[in-house]
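Chains as they are written, first to last, in our numbering: chain A, 4 to 311; chain B, 2 to 511; chain C, 941 to 1303.
Quick notes on the structure that follows.
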Amino acid sequence: MEQFITHWLGSTPAFAIPLALASMGLVLCERAGVLNMGAEGYMSLGAMTAAVLTLTLGNPAIGILCAVLAGATLALVFGFAVVVMRCEQILAGLATMAVGLGIAGVVGRSYVHKSFEGLQPLDLPWLDQLPLVGQLLFHQDILVYLTVLIGFALWFLLEHTRAGLKIRAVGEDPASADVAGVQVQVQQLLAITASGALCGLAGAYLSVASSSIWVDNMVAGRGWIALALVVFARWEPLKALAGAFLFGAIEALLPRLQAIGIPAPIYLMNMLPYLFTIAVLLVAACSGSKKGMEPAALGQPYVRQDRH
Amino acid sequence: MSQGAPLLTLSAIDKSFDIHRVLEGVSFDLAKGEVHALLGENGAGKSTLMNILIGVYSADAGSLTLEGLPLIIGKPSDSARHGIGMVHQHFRLVDRLTPTENLLLAADDHPHLKTRTAARNALLATAREVGFTLNPDCPVGELSVAEKQRAEICKVLALGARILILDEPTAVLTDAEASSMLGAIRRMAESGRSIILITHKLREVVGFSHRVTIMRRGKTVAAGLDTTQLSIEKIASLMMGSSASSVAPSSTPDTTTSSLQPRGPDLLAIAHLHAQRDDGAPALTDVSLRVRAGEILGLAGVGGNGQHELVETLNGIRSASAGSVMIDGADALEFPPNQRRQLGLRVIPADRMATALASDLTIAANLSLTAVVRGRFGRFWLNRRRMEREAKASIEQHDIAGARPHGRMGLLSGGNAQKVLLAREIDSGMKLLLAHSPTRGLDIRASAAVHQRLREAVAQGAACLLVSEDVEEIMALSDRICVISAGKITGELPGDASAADIGRLILGHE
Amino acid sequence: MSNFRLTLERRQQVSTLRSAATYILGLLVGLGCGVLVLLAAGAPASTLMDDLVVQVFFSARGLAQTLTLAVPLIMVGLAALAAMRLRFWNVGIEGQLWLGAIGATLVANNDFGSEALRLPIMLIASALAGAIWIAVPLLLKLKANVNELVVTLLLSNVAYLLLQHLLFGAWKDPVNSFPVSPRFDDNEQLASLGFGNLHSGIYLALAITLLMAVLVQKSRTGFYIDVIGHNRRTALATGIPVTATLTLMILLSGALAGLAGGLIVTGVEHRLTQTIGINTTFSGIVIAFVARFNPLAILPTAIALAGIYNAGSTLKVFYGIPDAIVVLIQGIVLLTLLMVQFFRSYRVSLLRRTPPQTARQIT
Chain A
4 MEQFITHWLG STPAFAIPLA LASMGLVLCE RAGVLNMGAE GYMSLGAMTA
54 AVLTLTLGNP AIGILCAVLA GATLALVFGF AVVVMRCEQI LAGLATMAVG
104 LGIAGVVGRS YVHKSFEGLQ PLDLPWLDQL PLVGQLLFHQ DILVYLTVLI
154 GFALWFLLEH TRAGLKIRAV GEDPASADVA GVQVQVQQLL AITASGALCG
204 LAGAYLSVAS SSIWVDNMVA GRGWIALALV VFARWEPLKA LAGAFLFGAI
254 EALLPRLQAI GIPAPIYLMN MLPYLFTIAV LLVAACSGSK KGMEPAALGQ
304 PYVRQDRH
Chain B
2 MSQGAPLLTL SAIDKSFDIH RVLEGVSFDL AKGEVHALLG ENGAGKSTLM
52 NILIGVYSAD AGSLTLEGLP LIIGKPSDSA RHGIGMVHQH FRLVDRLTPT
102 ENLLLAADDH PHLKTRTAAR NALLATAREV GFTLNPDCPV GELSVAEKQR
152 AEICKVLALG ARILILDEPT AVLTDAEASS MLGAIRRMAE SGRSIILITH
202 KLREVVGFSH RVTIMRRGKT VAAGLDTTQL SIEKIASLMM GSSASSVAPS
252 STPDTTTSSL QPRGPDLLAI AHLHAQRDDG APALTDVSLR VRAGEILGLA
302 GVGGNGQHEL VETLNGIRSA SAGSVMIDGA DALEFPPNQR RQLGLRVIPA
352 DRMATALASD LTIAANLSLT AVVRGRFGRF WLNRRRMERE AKASIEQHDI
402 AGARPHGRMG LLSGGNAQKV LLAREIDSGM KLLLAHSPTR GLDIRASAAV
452 HQRLREAVAQ GAACLLVSED VEEIMALSDR ICVISAGKIT GELPGDASAA
502 DIGRLILGHE
Chain C
941 MSNFRLTLER RQQVSTLRSA ATYILGLLVG LGCGVLVLLA AGAPASTLMD
991 DLVVQVFFSA RGLAQTLTLA VPLIMVGLAA LAAMRLRFWN VGIEGQLWLG
1041 AIGATLVANN DFGSEALRLP IMLIASALAG AIWIAVPLLL KLKANVNELV
1091 VTLLLSNVAY LLLQHLLFGA WKDPVNSFPV SPRFDDNEQL ASLGFGNLHS
1141 GIYLALAITL LMAVLVQKSR TGFYIDVIGH NRRTALATGI PVTATLTLMI
1191 LLSGALAGLA GGLIVTGVEH RLTQTIGINT TFSGIVIAFV ARFNPLAILP
1241 TAIALAGIYN AGSTLKVFYG IPDAIVVLIQ GIVLLTLLMV QFFRSYRVSL
1291 LRRTPPQTAR QIT
């Protein structure tokens, strides 16, 4: 039993990290008032970029870096559409999602199913043999630790810095933020780009760290789960991180149960996170007027010259 | 007050919004240490002019100078850097942040305010200087209106404003709060700051300002007159233009004749009505009103005292928490809007484009909206041809300028849009008309036309509840006057009550 | 610092000409970019016209395949239209489609009803299943004001897991190594028209499009939809039956998506598989948007997109260009169409910061 739990917890980050990175990126973006439906696309693009570059150059670090850049670039296209051109955010997000999926599929076609040496776990001698949490805490690759760090950094940024104050103000009340001298468009573009970068990193984790291969449809809807996770986490980065680990733990449990021969309806069990999120939405909606940290101006384009 | 070169000048400012010209050759100047009142009716262009000064809008033409040097303002932070700050009627504070955080947010050009402690201290120091009490650590959304206003003023002053623009600062305050605010404004001017006071309360102009500039329909009609040389009557006539006599607070012949008519039964009887605001705070407390056939009941009060919620509750789009509403003898409290309309209720809401019309649809669609619901143009299929024919007739009958049945509603001016709404609402089935600020944003001619239609409607036996923040409008039309304050009815007066009596009731509560 | 600044104003008046011109411009730019992408991906320029247009629309085999692909696309386009006209974000069209396919298969597997009525029952079951699947977000929206965007999205994933649960479990065809259900009987399949794979479902799609056009443009409900879609507060305050109209149209949206699933399994696949309906949410939204929410315009738009899908599979076979290119092209077209709306809705003007004569006076 102890070994089961050790391995289960140890394999949880592989499922949790992509969700955590993407949903924290989306939290940042939504706190700036931009509803970003493109995550699935950025993640696909990131996963493909990282895999292709690692395959050709043999260096996962460069692959991951370029995946981050690719995600950020695609997000910038989305940002241009919604912030500068004031496009409807949901539709523009879906369109960039399609562009990302499309590019990943087209460019990555000749690299499908070729395995490579990806990112290796950092083995901390002795510590990783600790019961229960040894594997979880001390037998992971560097991106896992980085993700946790990013979570705390984002929390600190949003809650305790002037930069974060500006982002929050833009998402709550862009007109007031504008009057206070905040450059609304710049803040939104920064937040969108950062969310794209984090989603790109999430994709890179999928291909380079957790599977060491690129296959079509590798992201498989994780971008959408990340989007739901933002609502689940009530727009707070640390709750998104925790939520991602919760969802990841459920996902990680299923192959473990199968491995030890316990028959489990895996597809039905995989529905749990979705149903759980819907329940959370319902509870949040019914619990009165306080809707957590949901940004008041989420999804609304801002035009200063509009007449009131 | 210095008589030297002005501190700030705006000259020959023009501004259009798309096809609408809002400002035309407007000029304004401000001296150091003065309170300069900027007067004008709603829509005269005061707010637009000030928004240009602080960089929210940019002028199409004209120039600005500060201390004799050309002033270039491209965005709000430019004006802040030059020491110009504005306190908007709708406060520019982010509700979920505290006053301290709101100051911190705006501190880009103020290195000494960039930490939370420094911002908090600066806010408290400013508050002490002008004599305010202030909680710097409570989210703005949880503060009262007066507290928000104090927070906003302290924020703007802490950012180094020496020119302070106050947009109708007392409109949302109780009497006591307003006096203390006006006292603080005088103190700020005495300490060397210059104040632009936008208002339409003439008494504040005469009592608290040094000079006055008056705007009408996008133009300056009086620039920088010395307040001591002016009477309230003189200012009123400048503000209203040639038709000033019509706003004199005297009962018009119409009200006297209608008061001779016999009164009919109660078409609206509200008893002990309670309702809540969107945020759950009480909006209406124990409201009871009766409106009889053939009379206009005027409900006066400062905006935001429950009028909006009352109109929505009567319309059926906000649920009451207790009480009863009888329309033409039927208990309508549980009825949806459609059933209330069947009882004869018709509504002219204050925000007509948002809650009564659809600006993207055709004028014909807007004119026939409620008739379609009644099934006039068919139960399943719409007879669109008939709809257009009737719209055309209605446009001609009501003389709606610039309207074609196929034209988009949003292209009509405010006055003509209101004509469309009146043409639709005042129909043969109307028994009770609920009109909320029916002349808001309209010019004098359009307002007179609206008033005429309301009078005609009651002359034909309808009842009308007129909710308005404009005391002159209430006095000109009402047979009886009730006053609402903080969600309560604070008194009833006869239709020929004086402005002073009404004003006492409006402001007396707290 | 520059002497000029850009300002932005929302136009209060947009002429029909400007609307049409920006739309056509956007479509041309989008499709142009799509062609460039195809060339960049390795499609030979010399035969591009042939592959993209002639083969899919002007050859009997190609046209048959294009029309076959168009049938479910018409349905999902209408499903997106029904919801989006009311500003309801149904981004779970795939989920409703899968439920529809499951509903039809459930009837077939259990032989519900007489043999003669089996096929209509299957189609009705698919529509019902789709409607039930969207009833959940609709109910949550109406009763608790829960955002439909996230719920429809999540239920889509749940639907796919349900599909897999059935195909890898109880409904798996024992004689097939793939996760598919047993093949339907002949009376459970839509009649083939003898024109490629084209089946009688196309008549149903055409009829439903016409009905939708009449509903939206001629009926009282259509009038209500316009008012609710443009200004919900006005609709509420003037007594328009908002909840009833919303319920009707959103259930219709789900039913149409479900029927799309039913038509795929009864008309083409003749069994339940896990490869149907992928990306149809996005395609439905693209079709509805490109058709500018006009039901009749859904037909040519869906057929054109079906042509692109059809050409996509040709390109895949001959030049190894993956299917993803079709998604990419749809994304590009939608993005350009969205972006050109900027020039429709806003006026951009370049203003001088300071009138020069003023500056001279002062100095």
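All C-beta atoms, glycine included, are put in the ideal place defined by N, C-alpha and C.
Because the structure is a prediction, the values reported are computed rather than measured.
Residue i in three-state terms, based on DSSP
i        : result
V86(A)   : helix
S113(A)  : helix
F381(B)  : coil
D227(B)  : strand
T1174(C) : helix
P71(B)   : strand
H83(B)   : coil
E1(B)    : Past the boundaries of the shown model lies residue 1(B); chain B is included only from 2 to 511, so the question cannot be answered.
G504(B)  : helix
K149(B)  : helix
C-alpha gap between residue i and residue j, whole angstroms
i        : j        : result
H91(B)   : I1165(C) : 33 Å
T229(B)  : V207(B)  : 7 Å
V1226(C) : V218(A)  : 26 Å
R1300(C) : F209(B)  : At R1300(C) the pLDDT is 33, less than 50, meaning the model places this residue with poor confidence and gives no usable figure here.
G1032(C) : A231(A)  : 13 Å
A1131(C) : H1139(C) : 6 Å
L1039(C) : I106(A)  : 30 Å
H273(B)  : P350(B)  : 22 Å
T1221(C) : S360(B)  : 31 Å
I216(A)  : L362(B)  : 54 Å
P1295(C) : S1289(C) : Caution is warranted here: a pLDDT of 42 is assigned to P1295(C), below 50, making its placement in the model unreliable, and the coordinate value is therefore given only provisionally. Answer to the nearest angstrom: the Cα atoms are 16 Å apart.
Q312(A)  : F1052(C) : Summary: the structure shown does not reach residue 312(A), with chain A confined to residues 4 through 311, and so no result is reported for it.
E130(B)  : L31(B)   : 23 Å
Chain-ordered chain B contacts of residue i [CB-CB under 8 Å]
i       : result
K169(A) : L106
Contact list for residue i against chain C, beta-carbon separation under 7 Å
i       : result
S414(B) : The premise fails here: S414(B) is roughly 11 Å from chain C at the closest Cβ pair, so nothing lies under 7 Å.
V468(B) : By Cβ distance, chain C contributes nothing, its closest Cβ being about 15 Å from V468(B), past 7 Å.
M274(A) : V1098, L1101
Sub-9 Å separation of residue i and residue j beta-carbons
i        : j        : result
S1096(C) : G1141(C) : no
L31(A)   : A42(A)   : no
A292(B)  : L167(B)  : Sequence inspection shows Val at residue 292(B); the Ala mentioned does not correspond to that position. Contact: no.
I503(B)  : I475(B)  : yes
L125(A)  : I145(A)  : yes
A50(A)   : T196(A)  : no
L39(B)   : I199(B)  : yes
L1212(C) : A1041(C) : yes
T460(B)  : G299(B)  : The sequence shown places Ala at residue 460(B), rather than the Thr named in the question. No, the pair does not count as a contact, with Cβ atoms beyond the cut-off.
W158(A)  : L24(A)   : no
Residue i: contacting residues in chain C (beta-carbon distance under 9 Å)
i       : result
R112(A) : A981, G1260, I1261, P1262, A1264
Within chain A, partners of residue i - CB distance below 8 Å
i      : result
L98(B) : L168, R171, A172, E175
Interface partners of residue i on chain A, CB under 7 Å
i       : result
D109(B) : G184
Beta-carbon neighbours of residue i, restricted to chain B and to distances below 7 Å
i       : result
R237(A) : By Cβ distance, chain B contributes nothing, its closest Cβ being about 13 Å from R237(A), past 7 Å.
Per-residue contacts from residue i into chain A (C-beta, under 9 Å)
i        : result
F1229(C) : L94
Residue i: CB within 8 Å of a non-hydrogen atom of the ligand MN
i       : result
A498(B) : Within the structure as shown, the ligand MN is missing, as the structure has no ligands at all.
9 Å Cβ cut-off: residues of chain B touching residue i
i        : result
D1166(C) : A359, D361, L362, A366
Interface residues of chain C facing residue i [CB-CB closer than 8 Å]
i      : result
Y45(A) : Result: empty, since nearest Cβ-Cβ is about 13 Å, beyond 8 Å.
Length-filtered (4 minimum) alpha helix (DSSP H) runs lying within the stretch 314-348 of chain B: 338-343
Whole runs of the alpha helix (DSSP H) within the stretch 39-64 of chain B, excluding any shorter than 4 residues: 47-54
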